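Residues are numbered in our numbering as their position in the sequence shown, beginning at 1, plus a constant of 335. All residues carry an ideal CB built from backbone N, CA and C; glycine is no exception. No experiment lies behind these values; they were computed from the predicted model shown. See below for the structure under consideration.
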Amino acid sequence: MPRKRPQTYQSQRGNDETVAFYSRIHEQCAAIAALPPSQHDAEIIKLRAETGVEISTIAPIVEKCAHLRVPDYPSLASQLIENVGRDTVRAMLETNYGKRDLTRHVQTTLADERLTITGARVALLIDAIKAEIQPASPSQSIVWGAPIALLR
336 MPRKRPQTYQ SQRGNDETVA FYSRIHEQCA AIAALPPSQH DAEIIKLRAE
386 TGVEISTIAP IVEKCAHLRV PDYPSLASQL IENVGRDTVR AMLETNYGKR
436 DLTRHVQTTL ADERLTITGA RVALLIDAIK AEIQPASPSQ SIVWGAPIAL
486 LR
């Protein structure tokens, strides 16, 4: 059985420097993950040029950090409404089939933003969409079958 060499102060210092280096890399990857997904690739290439760490090491860290970040639901909702169309989204909310279709659009939006697709995130984004679609005051909406006094 080979005998283990005792760890020297020099090798411990080298380990501490390595841990500190990769901790800084991880912090920079978290900062990259906070950017819009379209900027990730350029920032990863810059980080590789600065540090010498391979892209195959940096990219998974950025992906992990991107999946963990908290999305801005109101801006994602308005982006989805703009892409799909306000009338189309309003029609989707009217029927069960439309709600399933809207859920698929929401999941695609979350995936495009490199966010993990969880039930809670989907529900929060759908709630943000509903809040965006609803008119500001009840007097602006037309309710079929409502008493005329409510429509005035």
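Closer than 6 angstroms by C-beta to residue i: which residues in its own chain qualify, once you throw out the five before and the five after it? Chain order, please.
i	result
E362	none
A481	Confidence at A481 is low in this model, with a pLDDT of 47, below 50, so its placement is unreliable and the value that follows should be read with caution. Excluding sequence neighbours, A481 sits near nothing in its chain.
Q442	I452
A401	A368 and R449
Considering only residues of the same chain and omitting the five flanking positions on each side of residue i, which have a CB-CB separation below 8 angstroms?
i	result
R456	P406, L445 and L450
G518	No statement about residue 518 is possible, as the shown extent of the chain runs from 336 to 487 and does not include it.
V388	I360 and L382
R421	I468
Assuming residue i is part of the alpha helix (DSSP H), what are its boundary residues?
i	result
L445	N431 to D447
T392	I390 to L403
D376	H375 to T386
A455	G454 to I468
P321	Residue 321 lies beyond the stretch modelled for the chain, which goes from 336 to 487, so this question has no answer here.
May I have the straight-line CA-CA distance separating residue i from residue j, to the nearest angstrom?
i	j	result
P372	D447	8 angstroms
L459	K399	21 angstroms
I464	T392	37 angstroms
I416	G454	20 angstroms
L411	I390	29 angstroms
R439	V419	12 angstroms
S358	Y408	30 angstroms
S413	A394	29 angstroms
N350	A466	52 angstroms
D462	T423	16 angstroms
Can you tell me whether residue i is buried or exposed? The criterion is at least 16 other CB atoms within 10 Å of its CB, across all chains shown.
i	result
L437	buried
I396	buried
V354	exposed
Once you ignore the five residues that flank residue i on each side, which residues in its own chain have a CB closer than 7 angstroms to its CB?
i	result
E378	I367 and L370
H375	I367 and V397
Is it the case that the region 375-384 contacts the region 350-367, given that we only count it when at least three CB pairs across the two stretches are under 8 angstroms? Touching, yes, given that three or more Cβ pairs across the two stretches are closer than 8 angstroms.
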